[in-house]
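Student: Pasting in a structure now, in structure tokens, and then I'll have a few things to ask.
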Amino acid sequence: MKRYLFMCITVALLLFTTHSFSQPTDALPKDSSAIIFPDDPIAAMLDSLSRMLYFDKSTLDITPNKYGFPIDSIPNYSDSIYNNRLAKLDAESPFDLIYNDAVRSYIELYAVRKRAMVSRMLGLSKMYFPMIEEILDRKKIPLELKYLAIVESALNPNARSRAGAMGLWQFMYGTGKMMGLKTSSYVDERCDPVKSTEAACDYIQFLYDMFGDYQMVLAAYNGGPGTVSKAIRRSGGKNTYWEIRPYLPRETQGYVPAFIAVNYVMTHWEEHNLYAAVPKITYADVDTVNIKAELSFQQIAKVLSMSVDEIRYLNPCYKRGTVPHSEDNCYALCLPTEKIGSFIANESEIYEYTKKDSLMQTLAVQEIAKIHTVRKGEIISKIAKRYGCTPEDIKAWNRLRSVKLHTGQKLTVYIPVKANSVTASAKTPAVADTTSVSKIKSEIKVSADTTKTSVLSNAKFRYVIVQKGDSLWSIAQEHGVTIDQLKQWNNLEGGKILSGQKLKILITG
């Protein structure tokens, strides 16, 4: 009898244990391709939001959740609930919003693992989604594709991928150029929210005309149309995303599941007890004004009593904290609506203030020419790092065709210094092995009227940036120097100069 009772108890315990640790009846089978690896680019884009200075002092909108969750609660749902919610979204979408193990992995990424970053993303959506939806609607593209910007960049307009893709829509340089986005030393239109969205819509339409299926468009947007075409061939001619998915690169395999997960989380964020980081400015609070002269963020901030971070947040396409100006391109400055009137009322003062500040900065930053003797084992990148310049600078200053150097070779390098420290710098050599002033004079010949004050060890220079339409003659006339002097100071053999090129002009007197 005791033995029989013992056996019954043992069987009951085994059944209880098996039931307790088994998966729910609606759990999905494990899919190895659903694993999100540490180097996943989608997770990396979410993490990039942590570096946005604009969020440093942001707060959460902690309006009581309609579901009554405690603020620190992280709700979790069964697969059947996820499946039912996505089925309802799928019924009203041109996308195939199915639920599977891969999709669940990305739902957990957004709703559980990266909650703090998703709060920031929810805040940014109030800034960018109204603009994106307006353009998508105008171009007759499904509104769900606004979520593509989240998958691509987590709505970070300054996001940069490991491969060099930039902006909300992560355009590579070549693709951006193909779609009409300009990139220069001062402007990167891939980071312009409006222009890049226009270009993204045109590119999406181009891909749709090629594949005729939006799921395939998503894969092609991430991996490239060539990658998708190759996967189609390798799959034996299959023509749906889920059929060709095993033949796609790992990153692209996770792309469509991430897109589906974003559709879900951005619709059901309240059910997951997520709160938006309160944005300081939303789309309805900003406007633009066309500028008539070059402006720096620093001066705009001073005159309009704004922070530079705020101006940079509103104008992410300007790379150097400056809004450039040219006759051929009209550049716009995005400002809070409340600041537009103040800008217009004080426009002439702002331009004049900026002009004076630029002049003071130009006069304050000068250069000292030094001669560096190459030591055994030194390479050009190491020398450039020592003097705070680039290898390309050293090549240009010394007319080098390659980066190869030999021991004992003499290199001229230019070191920027503050005006009030030039005298002290001239007395203290920057390197142990320099040539004498007389030898430098014999090597660097200049015109007779500037020989005594020219490019020597204590020479002082200011810079001008070549604008479109400028010539050596026009720059020489403007600055009261000769063409020969410009050519000699900048090691120019011919008379050709390029827009954006930096030229040195000797400061005399």
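By the numbering used here, the letter at position 314 of the sequence shown is numbered 646, and the numbering carries on one by one without gaps.
We put the CB at the ideal spot given by N, CA and C, even for glycine.
Quick check: what's the CA-CA separation for Y650 versus G555?
Tutor: Taking the sequence shown and counting its residues from 1, one reaches residue 650 at position 318. Taking the sequence shown and counting its residues from 1, one reaches residue 555 at position 223. Straight-line Cα distance between these residues: approximately 28 angstroms.
Student: By alpha-carbon positions, which one of A728, A593, T669, G673 ends up nearest to A419?
Tutor: The residue given as residue 419 occupies position 87 in the sequence shown. Of the candidates A728, A593, T669, G673, the one whose C-alpha sits nearest the C-alpha of A419 is A593.
Student: Nearest by alpha-carbon distance to G274: which of E659, C662, V640, N661 is it?
Tutor: Here the chain has residues from 333 to 841 only, and residue 274 is not among them.
Student: From A400 to L606, what distance separates their C-alpha atoms?
Tutor: Within the sequence shown, the letter at position 68 stands for residue 400. Within the sequence shown, the letter at position 274 stands for residue 606. The question names Ala, but residue 400 in the sequence shown is Gly. Computed Cα separation, rounded: 12 angstroms.
Student: Between S567 and chain C, is the shortest Cβ-Cβ distance under 9 angstroms, so that the two count as touching?
Tutor: Going by chain labels, chain C is absent from the structure shown, which holds only one protein chain.
Student: Hey, how far is the Cα of W821 from the Cα of M598?
Tutor: Indexing the sequence shown from 1 puts residue 821 at position 489. Indexing the sequence shown from 1 puts residue 598 at position 266. Cα to Cα, the separation comes out at about 58 angstroms.
Student: For N647, count neighbouring C-beta atoms within 10 Å of its own C-beta (all shown protein chains included) and say buried if the count is 16 or more, exposed if not.
Tutor: Indexing the sequence shown from 1 puts residue 647 at position 315. By the 10 Å Cβ count, N647 comes out buried.
Student: Leaving out five residues on either side along the sequence, give the residues of the same chain with a beta carbon under 7 angstroms from the beta carbon of N595.
Tutor: Stepping through the sequence shown from its first residue, residue 595 is reached at position 263. Here the set comprises L421, L429, E476, Y479.
Student: So V655 and E626 are in contact, right, with Cβ under 8 angstroms, and what is the actual spacing, rounded?
Tutor: Residue mapping note: residue 655 aligns to position 323 of the sequence shown, counting from 1. Residue mapping note: residue 626 aligns to position 294 of the sequence shown, counting from 1. Going by Cβ atoms, the distance from V655 to E626 rounds to 7 angstroms, so yes, they are a contact pair.
Student: Taking 8 angstroms as the limit between beta carbons, can you name the residues of its chain near V450, skipping five residues before and five after?
Tutor: In the sequence shown, residue 450 corresponds to position 118, counting from 1. L378, Y442, A443, V597, W601, L606.
Student: Report yes if the CB atom of Q547 is closer than 9 angstroms to the CB atom of A434, and no otherwise.
Tutor: The sequence position of residue 547 within the sequence shown is 215, counting from 1. The sequence position of residue 434 within the sequence shown is 102, counting from 1. No. Outside cutoff.
Student: Please check the pair I676 and V635, which I expect to be a contact at CB under 8 angstroms, by giving their CB distance rounded to whole angstroms.
Tutor: Residue numbering aside, residue 676 sits at position 344 when the sequence shown is read from its first letter. Residue numbering aside, residue 635 sits at position 303 when the sequence shown is read from its first letter. Not confirmed; about 12 angstroms, so no contact.
Student: According to the Cβ coordinates, are M453 and I482 closer than 9 angstroms?
Tutor: The residue you call residue 453 lines up with position 121 of the sequence shown. The residue you call residue 482 lines up with position 150 of the sequence shown. Yes, they are a contact pair.
Student: Look at N425 and P474 and say whether their C-beta atoms are less than 9 angstroms apart.
Tutor: In the sequence shown, the residue the question calls residue 425 occupies position 93. In the sequence shown, the residue the question calls residue 474 occupies position 142. The question names Asn, but residue 425 in the sequence shown is Ser. Going by C-beta atoms, S425 is nearer than 9 angstroms to P474.
Student: With 16 other CB atoms within 10 Å as the buried threshold, where does V735 fall?
Tutor: Residue 735 sits at position 403 when you count from the first residue of the sequence shown. The residue is exposed, with fewer than 16 neighbouring Cβ atoms inside 10 Å.
Student: Which residues in the same chain have their Cβ closer than 6 angstroms to the Cβ of G827, if we skip the five residues on either side of it in sequence?
Tutor: Your numbering for residue 827 matches position 495 in the sequence shown. Correct list, in chain order: L804.
Student: Taking the Cβ atom as the reference point for each residue, do I682 and H657 lie within a distance shorter than 9 angstroms?
Tutor: Numbered from its first residue, the sequence shown carries residue 682 at position 350. Numbered from its first residue, the sequence shown carries residue 657 at position 325. Result no, Cβ atoms of I682 and H657 do not sit closer than 9 angstroms.
Student: DSSP three-state call for N822: helix, strand or coil?
Tutor: Here residue 822 corresponds to residue number 490 of the sequence shown, with the count starting at 1. In this structure, N822 counts as coil in the three-state DSSP scheme.
Student: From the DSSP output, which residues share a beta bridge with Y746?
Tutor: The residue given as residue 746 occupies position 414 in the sequence shown. Answer is A701, bridged to Y746.
Student: Just the Cα atoms here: how many angstroms apart are M510 and M542?
Tutor: Reading the sequence shown from its first residue, position 178 is the one you call residue 510. Reading the sequence shown from its first residue, position 210 is the one you call residue 542. C-alpha separation (whole angstroms): 16 angstroms.
Student: Let me know the secondary structure DSSP gives Y518 once reduced to three states.
Tutor: Position 186 of the sequence shown, counted from the start, is the residue given in the question as residue 518. In this structure, Y518 counts as coil in the three-state DSSP scheme.
Student: Would you call S628 buried or exposed, if buried means 16 or more other Cβ atoms sit within 10 Å of its Cβ?
Tutor: For the purposes of this step, residue 628 is identified with residue 296 of the sequence shown, where counting begins at 1. Label assigned to S628: buried.
Student: Please classify N823: is it buried, with 16 or more other beta-carbons within 10 angstroms of its beta-carbon, or exposed?
Tutor: Counting from 1 along the sequence shown, the entry for residue 823 is found at position 491. Exposed: under 16 other Cβ atoms inside 10 Å.
Student: May I ask which residues mark the beginning and end of the alpha helix (DSSP H) holding T529?
Tutor: Working through the sequence shown from its first residue, we reach residue 529 at position 197. Looking at the DSSP string, the run of the alpha helix (DSSP H) that includes T529 is 525-543.
Student: Quick check on Y795: buried or exposed, where buried means 16 or more other Cβ atoms within 10 Å of its Cβ?
Tutor: By 1-based counting over the sequence shown, the position of residue 795 is 463. Classification for Y795: exposed.
Student: Would DSSP call A716 helix, strand or coil?
Tutor: For the purposes of this step, residue 716 is taken as the residue at position 384 of the sequence shown. If DSSP states are grouped into helix, strand and coil, A716 belongs with the helices.
Student: Quick one: measure Cβ to Cβ for T744 and N730, integer angstroms, because I've assumed they're closer than 8 angstroms.
Tutor: What you label residue 744 is simply residue 412 of the sequence shown in a count that begins at 1. What you label residue 730 is simply residue 398 of the sequence shown in a count that begins at 1. The pair is a contact, with the Cβ atoms about 6 angstroms apart (cut-off 8 angstroms).
Student: What residues match up with K834 in a beta bridge as DSSP calls it?
Tutor: Here the question's residue 834 lines up with position 502 in the sequence shown. Its beta-bridge partners are I797.
Student: Between K472, L550, R566, which lies nearest to P589 when the distance is taken from Cα to Cα?
Tutor: Working through the sequence shown from its first residue, we reach residue 589 at position 257. Out of K472, L550, R566, L550 has the C-alpha closest to the C-alpha of P589.
Student: Below 8 angstroms CB to CB, which residues in the same chain sit around Q496 once its five sequence neighbours on both sides are set aside?
Tutor: Position 164 of the sequence shown, counted from the start, is the residue given in the question as residue 496. Going by the sequence as given, residue 496 is Gly instead of Gln. If we look at G496 and ignore the five residues flanking it on each side, its Cβ neighbours are M504, Y505.
Student: By the three-class DSSP mapping on this structure, what secondary structure does T599 have?
Tutor: Here residue 599 corresponds to residue number 267 of the sequence shown, with the count starting at 1. DSSP places T599 in helix when its eight states are reduced to three.
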